[in-house]
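Protein chains: 2
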Amino acid sequence: MAEEMLGGDAAGSVGIVQREYYTFGSANEPFVLEGGGTLEEVVTCYEVYGTLNSSGDNAILIAHGLTGSSHAAGRFKPDSPYAGYWDRIIGKGRPLDTDRWCIIAPNALGGCRGSTGPASPDPRTGKPYGSRFPTITIRDMVRAQRPLLDHLGVRRLRLVIGASMGGMQAFEWAVTYPDIVDAICPIGSSPIQSAQALAFNHCMRRAIMADPEWRNGDYYDGPGPRAGLAVARMIGHITYLCDDVMERKFGLRTSTPISEPEPSDWTRFAMEEYLDEEGRLLVHRFDANAYMAVSRAIDLHDIGRERGGLAAAYRRIRARCLLIGISSDILFPPESVRGVGEAMQAAGADATYWEMESNYGHDAFLEEQTKLGPPLLQLLSEIETPLAAAR
Amino acid sequence: MAEEMLGGDAAGSVGIVQREYYTFGSANEPFVLEGGGTLEEVVTCYEVYGTLNSSGDNAILIAHGLTGSSHAAGRFKPDSPYAGYWDRIIGKGRPLDTDRWCIIAPNALGGCRGSTGPASPDPRTGKPYGSRFPTITIRDMVRAQRPLLDHLGVRRLRLVIGASMGGMQAFEWAVTYPDIVDAICPIGSSPIQSAQALAFNHCMRRAIMADPEWRNGDYYDGPGPRAGLAVARMIGHITYLCDDVMERKFGLRTSTPISEPEPSDWTRFAMEEYLDEEGRLLVHRFDANAYMAVSRAIDLHDIGRERGGLAAAYRRIRARCLLIGISSDILFPPESVRGVGEAMQAAGADATYWEMESNYGHDAFLEEQTKLGPPLLQLLSEIETPLAAAR
Chain A
0 MAEEMLGGDA AGSVGIVQRE YYTFGSANEP FVLEGGGTLE EVVTCYEVYG TLNSSGDNAI
60 LIAHGLTGSS HAAGRFKPDS PYAGYWDRII GKGRPLDTDR WCIIAPNALG GCRGSTGPAS
120 PDPRTGKPYG SRFPTITIRD MVRAQRPLLD HLGVRRLRLV IGASMGGMQA FEWAVTYPDI
180 VDAICPIGSS PIQSAQALAF NHCMRRAIMA DPEWRNGDYY DGPGPRAGLA VARMIGHITY
240 LCDDVMERKF GLRTSTPISE PEPSDWTRFA MEEYLDEEGR LLVHRFDANA YMAVSRAIDL
300 HDIGRERGGL AAAYRRIRAR CLLIGISSDI LFPPESVRGV GEAMQAAGAD ATYWEMESNY
360 GHDAFLEEQT KLGPPLLQLL SEIETPLAAA R
Chain B
0 MAEEMLGGDA AGSVGIVQRE YYTFGSANEP FVLEGGGTLE EVVTCYEVYG TLNSSGDNAI
60 LIAHGLTGSS HAAGRFKPDS PYAGYWDRII GKGRPLDTDR WCIIAPNALG GCRGSTGPAS
120 PDPRTGKPYG SRFPTITIRD MVRAQRPLLD HLGVRRLRLV IGASMGGMQA FEWAVTYPDI
180 VDAICPIGSS PIQSAQALAF NHCMRRAIMA DPEWRNGDYY DGPGPRAGLA VARMIGHITY
240 LCDDVMERKF GLRTSTPISE PEPSDWTRFA MEEYLDEEGR LLVHRFDANA YMAVSRAIDL
300 HDIGRERGGL AAAYRRIRAR CLLIGISSDI LFPPESVRGV GEAMQAAGAD ATYWEMESNY
360 GHDAFLEEQT KLGPPLLQLL SEIETPLAAA R
């Protein structure tokens, strides 16, 4: 999930933003993970756009994808060319309107963009966890966000929204804390990992592990598995696109004609240059162990685990659920998302499916984010009505 | 493409088969490749099932996929547990009936299963080509098969059939040698590489290159890039399956419960064990440089190159063309194959599309090969009729 080049229209922008940090846990009261591991200190990096009202019930939580961060809107510096990844739908008068809502965007547990992850110092040793970082799950990510909300004074989440892994967190929020979540909007996502997505993640991890610099995860005194992480990212990018957008953007356009010998770097096609560049870019901004840990959390994702299965989990949900599928998504195919919506309805959940028409593949939730505006405004108006009536 | 465990029914089997070899080329008359490189010696390993008639016009050519071989039917030894990959459709009374047809199955140029490839000795040095193996194309593979057919006395190819890369060769045969090909049957294939399939191949090559043992291709005095090649194969296998068959076979079945720490080999799921095993198996039977060279040939595949584009290439074809798409194929989606059939018809080619209903993904051409029987028998009866009438 890339940050976004800022467009020309700054009207409504949340402006300059900054990262905040909230820490909980101690040696005596560690955060106990679903898999049984513990963390003595949990740091959550987050950003806030808008103001929490006095009753603490106008909050929206935004959860990000695999390699994302807390930076969903605005800019860190006035001259920064990049805005947060959902900048076009967050701000004054934008679908996620900061005049009305207090938007909280945490960095997920297990990552490397400010929150506790494998590169963080283990309080017991003072050195990075590396191979000793415990297994985490999407449910752990959600449970680690709850103390942050308490700290901020949030009493209700009007909406939990996220795409991809962010949507997985939205599903978990609705099942883990049904009493405080009014609505969820998972986009291009699923309540349970698919076998195919698991297979892709496995290949990505294997690419990292095949790099001798991975050193079983204890590489922080070396260069790290840069080549392996780059390959992992390239694989991921295939799943974020679709053949249609690839054909339009790159097709078989060659940078090196067939009449020349194979280039020494085996890059002949524009498609290859694109993937190489995406691989290079990620290596500069992401930690390989975090990639391992977070992709594993995705693979372990199942909102029905230890809850009697998916249908039983759906029955716990009290939130209004808007499931958005992307028509060209190959990672979370729209027919699967639609099927989840139907299964949720069958279990009695208040679920609706809406399909985003796009030929950008999974990445459409970034590339064509403004298409999310109308269904989001509709969803927010639906959940607002009962509250207004009760006043 | 794996060889097949032999089923119980041996009736009709072609029985014990053996590899044959045909060599052409010399320092004075090298084989000149499409990209400009040359090979002073071209060895083609092949197998023959059935007998060529005196007029040399009952031959069928079978072309294999990326990691395939010439071993399409029968067994090498009586006690071998494995038969050729299309054993169920090749033999007496089987769809490709060896009582009637002489079936020729060559190993493709650039591979490592007997024909000349990067691991072959370069006649100029006596050492393996390695990094000095020239760029080859699908067209080169086809052109290298022509002298073999002349050597065998084949005057007409009644049918060129193959799946995946084998289908690419079938397309090339129909355009390169329109005068001697009566029919082609590409299965789960395309007349031109897609951007998405190119992207997958790039990731596979990058996985190999990221392995320090690759040594730019000159690794024959070392262990070779085994870890990288295994990762490449795993990526490939995802594209040969589809989510449906993965869910049925593996789903999220874990071999290691979540309550245990992450295994040191990061294998928790049955899906992962399957991919690991496929990776391991390939490393024992395939050369990494061959994987690089042949996957590049696939990426360069375009029957319209230097021929005025695809439509112009279609107009050259005089063969009857039966295009088979597999309903669950993610590598060569059925709608793309159908679209090619329509474009061929629009260009005046005698093309028909038939869809194989299967939920095995691309691999269905192996797993459910007997489903190919009826359309193949139909095709063969169609091309036989004019010949019989001419007698």
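Sequences listed follow chains A and B, in order. Here the working numbering is used: position 256 in the first sequence is 255, and no number is missing along the way. Here the working numbering is used: position 389 in the second sequence is 388, and no number is missing along the way. Built from N, CA and C at the ideal position, the CB exists for glycine as well. Treat the numbers as computed from the prediction; the structure is a model and nothing was measured.
In this structure, how does DSSP classify residue i when only helix, strand and coil are distinguished?
i	result
Val-282 (chain B)	helix
Trp-213 (chain A)	helix
Ile-103 (chain B)	strand
Pro-120 (chain A)	strand
Gly-250 (chain A)	coil
Thr-266 (chain B)	coil
Phe-23 (chain B)	strand
Tyr-359 (chain B)	coil
Pro-127 (chain A)	strand
Glu-271 (chain A)	helix
Gly-166 (chain A)	helix
Ile-160 (chain B)	strand
Ile-237 (chain B)	helix
Asp-56 (chain A)	coil
Tyr-176 (chain B)	coil
Ala-10 (chain B)	coil
Tyr-84 (chain A)	coil
Ile-61 (chain A)	strand
Glu-261 (chain A)	coil
Phe-364 (chain A)	helix
Which residue's Cα is closest to the Cα of residue i: the options?
i	options	result
Gln-259 (chain A)	B:Gly-35, B:Thr-22, B:Pro-29	The amino acid at residue 259 (chain A) is misidentified as Gln; the sequence shows Glu. Among B:Gly-35, B:Thr-22, B:Pro-29, the Cα nearest to that of Glu-259 (chain A) is on B:Gly-35.
Glu-271 (chain A)	A:Gly-308, A:Arg-315, A:Arg-232, A:Val-282	A:Arg-232
Ala-416 (chain B)	B:Ile-160, B:Gln-144, B:His-361	Any property of residue 416 (chain B) remains undetermined from this structure, which presents chain B solely from 0 to 390.
Gln-192 (chain A)	A:Phe-331, A:Ala-118, A:Thr-253	A:Phe-331
Leu-60 (chain B)	B:Ile-102, B:Thr-238, B:Glu-366, B:Met-355	B:Ile-102
Arg-315 (chain B)	B:Val-336, B:Gly-223, B:Ala-82, B:Ile-179	B:Ile-179
Gln-195 (chain A)	B:Phe-268, B:Lys-91, B:Ala-62	B:Phe-268
Ile-325 (chain A)	A:Ala-82, A:Glu-383, A:Phe-199, A:Pro-185	A:Pro-185
Tyr-391 (chain A)	A:Met-164, A:Arg-87, A:Arg-145, A:Ser-163	The requested residue 391 (chain A) is not part of the displayed model; chain A covers only 0 to 390.
Ser-294 (chain A)	A:Val-31, A:Val-153, A:Leu-148, A:Ala-206	A:Ala-206
Glu-39 (chain A)	A:Phe-23, A:Arg-154, A:Ala-363, A:Ile-257	A:Phe-23
Lys-126 (chain B)	B:Thr-136, B:Thr-115, B:Thr-134, B:Ile-135	B:Thr-115
Gly-92 (chain B)	B:Ser-12, B:Asp-286, B:Gly-73	B:Ser-12
Cys-202 (chain A)	B:Pro-190, B:Tyr-219, B:Ile-183, B:Ala-226	B:Ala-226
Ala-216 (chain B)	B:Gly-338, B:Ala-82, B:Ser-119, B:Ala-342	Note that residue 216 (chain B) is Gly in the sequence shown here, rather than Ala. Checked all of B:Gly-338, B:Ala-82, B:Ser-119, B:Ala-342; the closest Cα to Gly-216 (chain B) is B:Ser-119.
Are there 16 or more other CB atoms within 10 angstroms of the CB of residue i, so buried, or fewer, so exposed?
i	result
Gly-7 (chain A)	Below a pLDDT of 50, predicted positions are generally treated as unreliable, and Gly-7 (chain A), at 47, falls in that range; the measurement from the model is reported next regardless. Under this definition Gly-7 (chain A) is an exposed residue.
Leu-197 (chain A)	buried
Arg-113 (chain A)	Sequence check: residue 113 (chain A) is Gly here, not Arg. Buried is the call here.
Glu-261 (chain A)	buried
Ala-62 (chain B)	buried
Ala-345 (chain B)	exposed
Gly-347 (chain B)	exposed
Ala-389 (chain B)	Unreliable placement is indicated for Ala-389 (chain B), whose pLDDT of 48 sits below 50; no coordinate value is reported for it.
His-283 (chain B)	exposed
His-236 (chain B)	buried
Leu-280 (chain A)	exposed
Thr-50 (chain A)	exposed
Gln-106 (chain A)	It should be noted that the sequence gives Asn, not Gln, for residue 106 (chain A). It is buried - the Cβ of Asn-106 (chain A) has at least 16 other Cβ atoms within 10 Å.
Ile-15 (chain B)	exposed
Pro-117 (chain B)	buried
His-150 (chain B)	exposed
Based on the DSSP output, what are the partners of residue i in its beta bridges?
i	result
Pro-374 (chain A)	None; Pro-374 (chain A) has no bridge partner.
Val-16 (chain B)	Its beta-bridge partners do not exist; DSSP assigns none.
Gly-90 (chain A)	A:Asp-96
Arg-74 (chain A)	A:Ile-15
Phe-30 (chain A)	A:Leu-38
Thr-43 (chain B)	B:Tyr-21
Asp-349 (chain B)	B:Arg-319
Glu-354 (chain B)	B:Gly-324
Tyr-48 (chain A)	A:Ile-102
Asp-301 (chain A)	A:Ile-191
Starting from the beta carbon of residue i, find every residue of chain D whose beta carbon is closer than 9 Å, and list them in chain order.
i	result
Met-164 (chain A)	Absent from the structure: chain D. Protein chains present are A and B.
Task: In chain order, each alpha helix (DSSP H) run of at least 4 residues that lies wholly inside the stretch 179-234 of chain B - done: The stretch 179-234 of chain B contains these whole alpha helix (DSSP H) runs: 194-208.
- [ ] Just list the beta strand (DSSP E) runs in the stretch 307-342 of chain B, keeping only unbroken ones of 3 residues or longer that don't cross its boundaries, in chain order.
- [x] Runs found: 319-325.
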